[in-house]
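Let me begin by presenting the structure, written as structure tokens, before commenting on it.
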Amino acid sequence: MDLEFTETERAFRAECRAWLGAHVPKTPLPSGDTREGFARHLEWEHELFDAGWAVVSWPRKYGGREATLFEWLIFEEEYYRAQAPNRVTQNGIFLLAPVLFEYGNDEQRDRILEPMARGDHTWAQAWSEPNAGSDLAGLRSEAIRVEGGWRLRGQKTWCTRGAFCDSVYGLFRTNPKVPRHRGLTYFMVRLDAEGVRVRGVERLDGDEGFAEVFFDDVFVPDTDVIGKVDKGWDIAMATTNSERGLTLRSPGRFMATATRLIELWRSRRHAADPALRDAVVEAWIDAEAYRWYTYGTVTRMVEGHAMGADSSLNKIFWSEMDVRMHETALALLGPTRELEAGGLDAEGAWLKGFQFALAGPIYAGTNEIQRNVVAERLLKLPKG
Amino acid sequence: MDLEFTETERAFRAECRAWLGAHVPKTPLPSGDTREGFARHLEWEHELFDAGWAVVSWPRKYGGREATLFEWLIFEEEYYRAQAPNRVTQNGIFLLAPVLFEYGNDEQRDRILEPMARGDHTWAQAWSEPNAGSDLAGLRSEAIRVEGGWRLRGQKTWCTRGAFCDSVYGLFRTNPKVPRHRGLTYFMVRLDAEGVRVRGVERLDGDEGFAEVFFDDVFVPDTDVIGKVDKGWDIAMATTNSERGLTLRSPGRFMATATRLIELWRSRRHAADPALRDAVVEAWIDAEAYRWYTYGTVTRMVEGHAMGADSSLNKIFWSEMDVRMHETALALLGPTRELEAGGLDAEGAWLKGFQFALAGPIYAGTNEIQRNVVAERLLKLPKG
Amino acid sequence: MRFAFTDDQLGFRDSLRDMLANECPPGALRACWTNDTGRVPGLWRKLGDLGLLGISASEEQGGLGLAEVDMVLPLEEAGRAALPEPLVEHAAVAIPIVEAFAPAVLRERWVPRAVTGEVTLTIALDDAPFVLGADSADLVLVWSGGALRAVERSELTLARCRSVDGARRLFSIVSGMGGGESICDGERAIEAARDALDRGALAAAAQLLGLGAAVLDLTVGYVKVREQFGKPIGSFQAIKHHLANALTALEMARPLVYRAAASMAARDASRSIHVSIAKARASTAAQQVARIALQCHGAIGYSTEYDLHLWMKRIWALAAAWGDPARHRARIAAAVLEGEGQVYP
Amino acid sequence: MRFAFTDDQLGFRDSLRDMLANECPPGALRACWTNDTGRVPGLWRKLGDLGLLGISASEEQGGLGLAEVDMVLPLEEAGRAALPEPLVEHAAVAIPIVEAFAPAVLRERWVPRAVTGEVTLTIALDDAPFVLGADSADLVLVWSGGALRAVERSELTLARCRSVDGARRLFSIVSGMGGGESICDGERAIEAARDALDRGALAAAAQLLGLGAAVLDLTVGYVKVREQFGKPIGSFQAIKHHLANALTALEMARPLVYRAAASMAARDASRSIHVSIAKARASTAAQQVARIALQCHGAIGYSTEYDLHLWMKRIWALAAAWGDPARHRARIAAAVLEGEGQVYP
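Residue numbers (our numbering), protein chains in the order written: chain A, 1 to 384; chain B, 1001 to 1384; chain C, 2001 to 2345; chain D, 3001 to 3345.
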């Protein structure tokens, strides 16, 4: 056991910190989940890419710097520490890209990855359908085989930033004759294709962060199928492990939140409910727990082990920790907690962050589903 | 709405308080869930009966004073306030007697109730079986029709104070041909009858508070059947409502616990974790909530309404409140919390009380079952 | 002891519930997020006609002369409808404060018109620093220089504070709070401020009960029809237990609010403690219900196109307004824990 | 950065697990509730033979010369077996304290025999006021008059304190703590006391992980075979979610304990904070697991004829010993929250 970062890792951290310190916008950008903010965020993504920070762990040929997993964690810690803008490219970079690396082909990787990393081509996940949420295998949107490709019909919903993105990816039913989890295929679809209709949907915090996407005989060429036809479910499970687990929620995010919470407590401690001191301590312990849990996971991954159902346990923890941290912050704010504070200053950010945190126990598989997974796969309890 | 007690009720309270103040033993009795303590408690029960306090709400002819429901609540408040001994007769008085009042016949009432109230004849509940706990309808002990009565075979378990009592009551399967909830009959069985074997079982806190009872062709006369043959389930449901709801856990118990908790906090506040102040406040709010909830329930009962599935909601609340209160007290005790303190002084009492409280969410139907009942009966959610 | 409402009280509640279901449906509430005043056009006068605005005003001023215990169920209904009007401020706080503490001339100038809904009153206090409906109010009670003052809206400079609940139009007072006329000062003003906090907190607690019940109803309805894995999600034990917890929290908060109302009506010496108990618990219970409701809905609850958020955000706001749980726990601790006295008489 | 154990460390853990499964089965543990010493006859010397008692003692004194990070997994195994021996006090605290702080003569007199198990050492501190195994120990380290002293058991008058865990033989020292020899005094003694608390708290945290894991395993096994309503209760979602919560609590506490061990081994400047984080969280996690375990068992878990209580009571005891969660949260708050410094470097 060696808890020190190597000299190389420390140098990497110093380089991140220096660059971010010099380049992170001094005033926060407008929310990336609004049309205006999305555009502003893409400018930032360009800047990040040009300096080689957009996708640190990727191969150099796609714009990365081939950083190790630990370096990636360090980058994330520094990124959140610097309060740098949220990544509006994340559903491409963190969720689709791993699928392309593992299941895509060279043509797809060469065509898609660099524009994705640069923010020139943006991606949304088209996962849920109106009748397939927790029961993802119940999805009904279908793809009909035609010459040179497929015609897609159906509807996807809750596509994050779908109203602003260029393309989506998701599962469609290519074989209705086999049981639910089979006969699904993983597609990428351009939103400017004929027959696509996108409708923005407002989220809890007032941003147009969701979209519904309607597919009316939309042609998708074979080159935009990922992996084998009818094998989309297996690929999707790999993606949801990413979404639940390590990639979407790196410890840096919560270390930064805990730090801000402690600063808030310091500024309010004299007037605060005495119980909040303990709540803040517990929040910090949570952040530490998640950080070291992740270091352990990454050590195992570096040594060649897979994540598996641990990602469900992981997701339960970070999503509920995030809610608790924001609840504690709002309690510290007292009566001002209901105010949006007219923008993105620190106090309004807690309210917005709280609303965002409430989505955590829902998306990427509700925590009820995750608890089933933990019980059945990790504890081997019998199916219900 | 009138939140004042009447002059009669206030006089009743004063009379209770005066008598209890003069008669409650100055040093606590040994636990009533030990053989020695049980005997000592019965002496107290005799004293209580002789002064007319054993069964205040019962008819005079069985030893009661025909108190109203509100007077009964007042008696309970005063009883716990005075830290009077736990009632070792309670499984007779509070659980069997209501069944006899509603479903028994005059011969049974005349024969059974007064000796029960006097503590001359003691009763334990023989409810669960090794394979029928939460799934009470799955019980298997059977009763075979014979001349003048029945022969009982089988096993009951977790009979509270069963090792010290004279008789038990419980359900036995009289008709194996009908579905689970039907074909059960409500019996009373003398533990000195031929074929009965009782084995004491030690409880978490070290007291021999449980018993297993084995029935090997035990004869029970028809006169010891309550209500109609094969209709025991309906009668039992009435009993479990009593056990879950009002009768077993009157607010006075928790008002007294909250009072002791506040006193403990006062004595420890300077050294206490600051969060515990809020925990103590919440405990007191809980006690107040339960008290006023109960006053509302009693008002409805006085006006002729039944309790129904509310008793499940009620049971979830008091049982979990009781655990929280004791957890808070143990936290206030700091490192001494693990000590039994050699007896029943105030601090050891918290540890013993904690262990007792842990049984609350389990007995009388686990809280998991109660939550199902609340969801299905009160919220009308579909069965699973 | 009779801890239940009268048939009259229940009848008034039912008629108000019907009226609000018609006059303030979700669509009307939703419109308040974007209209000028955050209020439902024409509704204020109808509430006056029903007697609700003057429910606690004296009969000589045109009110119904009723007590807090008569008001708690109507306020609960206002919560159930998420009524976007300054009902708490106007009817539950300002009118009784003016009647109890103001000189006759002020009382007679304002109360009769407040009762009908011709004018709107609101209030600013340390415990209610963001003034609801100040822009559409006619008179604002403000705490200034150790006195409680009645200042006409036109004399005040206001600054909008955006609430998470778009139907709550909140303002801070930038200047002018020293104007208008004095209601009372010194010890009387301190007493008035305490009374105002008690009244506002009780009224907010009552609304929180109604809001929580509405959110629970909405969720129960949803989980009965939403199917996943081939059956209603309401048949899954996890959902059942979430909702059983929500109901338990709400039903156990309810009697505390009703007790506080009766205690206020009786001017019980411990009424402030009873109000604090009620507000602290109603706030945490309603927030717990909201959290469970959102979780049981899943993504649809997270969309503003669905109605849940209209109620949920009101819950968040009212849980923090008129003293958040920490504020009320502190009042309880100071009175009950810090002393040496008997906890129960 | 490599946050994982070596194969050697895992191998030692596995061999100890096997050894304890044989030498300290539930029956042996149960016998300790009623025997003279609360210890398993003959086991102490076997632990010495295995090297466990001297794991942290220097090689020149006959120990293995290993660090906290080598000790954390064996201690976890001791927890898993609910080992009723003063292993924390003797091997994790007293030996290293004597080696680090005592004069050579004391060290040489006691450590070589402590390593083999010929003698037993234990310790009394403000944060460990009830001395585990004092009656069967040979030497007790005590805090007296500003010094840390080494006092032979025979010089002390002891009074038994009954723990909820019958296998924990606790004593308070009635008199004699001023006898024996001084280990150190002044600043050194304060440093030694802090070090002892850190070591004891870390070791208790490690045992709590093992206790929690054992209790969870027992429960998972039970719910798979216990049938109600015609199927294993482990197939009900309520039980699944309880146990998923238990596993999550435990798995998220685990890395904090391992980090604290590595931090102690490296004499990290923040090691006391890391230990406090570990102990606070391991205590709450193990208690949560115990609570869930009892609830999932139902009545059988409440009977002392079943083994669950043997583990559960040890959890209750160790959660309170060596600083309860409140004590450790206070240490964290004082160091991290009260200052103005950076939370993360």
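We treat Cβ as the ideally placed atom computed from N, Cα and C, and that holds for glycine.
Taking Cβ to Cβ, would you say residue i is nearer than 9 Å to residue j?
i	j	result
Asp1033/B	Thr1160/B	yes
Gln2228/C	Gly138/A	yes
Gly3054/D	Thr3120/D	no
Glu202/A	Thr157/A	no
His2297/C	Tyr2222/C	yes
Leu204/A	Ala364/A	no
Ala2094/C	Glu2085/C	no
Trp284/A	Leu261/A	yes
Trp435/A	Phe219/A	A query on residue 435/A cannot be resolved here, the shown segment of chain A reaching from 1 to 384 and no further.
Glu1288/B	Arg2259/C	yes
Arg2254/C	Ser2263/C	no
Val3142/D	Leu3158/D	no
Gly3234/D	Val3088/D	no
So, does the CB of residue i fall closer than 9 Å to a CB anywhere in chain A?
i	result
Ile2233/C	yes
Leu1344/B	Here the model assigns Leu1344/B a pLDDT of 45, short of 50, so the residue's position is not dependable and the matter cannot be decided.
Arg1337/B	no
So with Cβ pairs under 9 Å, would you call residue i a contact of chain B?
i	result
Cys3184/D	no
Phe2236/C	yes
Ala256/A	no
Ile2055/C	no
Arg277/A	yes
Pro2026/C	no
Asp273/A	yes
Phe3171/D	no
Please confirm if residue i has its CB atom under 9 Å from at least one CB of chain C.
i	result
Phe3003/D	no
Leu1003/B	yes
Tyr80/A	no
Arg1371/B	yes
Applying a beta-carbon distance threshold of less than 7 Å, which residues of chain F neighbour residue i?
i	result
Phe1210/B	No chain F is present in this structure, whose protein chains are A, B, C and D.
Based on the DSSP secondary-structure assignment, which residues constitute the bridge partners of residue i?
i	result
Cys3161/D	Leu3170/D
Leu1152/B	Ala1143/B and Val1218/B
Cys2184/C	Leu2148/C
Ser3270/D	Beta-bridge pairing links Ser3270/D to no other residue.
Thr185/A	Phe172/A
Leu3139/D	Leu3121/D and Glu3152/D
Closer than 8 Å: is that where the CB of residue i sits relative to any heavy atom of the ligand MN?
i	result
Leu152/A	For the structure depicted, the ligand MN is absent and the ligand set is empty, with no information on it obtainable.
Assuming residue i and residue j are in contact, meaning their beta carbons sit under 8 Å apart, how far apart are those beta carbons, in whole angstroms?
i	j	result
Ala3285/D	Ala3330/D	About 19 Å; that fails the 8 Å criterion.
Ile1235/B	Leu1100/B	Actually they do not touch by this definition, with Cβ atoms about 10 Å apart.
Using beta carbons (cut-off 9 Å, strictly below), is residue i in contact with chain D?
i	result
Val56/A	no
Check whether the region 2155-2169 of chain C touches the region 2313-2333 of chain C, counting contact only when three or more Cβ pairs, one atom from each stretch, lie closer than 8 Å. Counting Cβ pairs under 8 Å, three or more are found: they touch.
Please confirm if the region 3028-3041 of chain D is in contact with the region 3060-3067 of chain D, defined as three or more CB-CB distances below 8 Å between the two stretches. Counting Cβ pairs under 8 Å, fewer than three are found: no touch.
Contact between the region 1022-1041 of chain B and the region 2007-2024 of chain C (3+ Cβ pairs under 8 Å): Contact check between the region 1022-1041 of chain B and the region 2007-2024 of chain C: fewer than three CB pairs, one atom from each, fall below 8 Å, which does not count as touching.
Is it the case that the region 41-51 of chain A contacts the region 100-111 of chain A, given that we only count it when at least three CB pairs across the two stretches are under 8 Å? Output reads no: the region 41-51 of chain A does not touch the region 100-111 of chain A.
Between the region 141-155 of chain A and the region 187-201 of chain A, do at least 3 Cβ pairs fall closer than 8 Å? The region 141-155 of chain A, when compared against the region 187-201 of chain A, does touch it at the 8 Å Cβ threshold.
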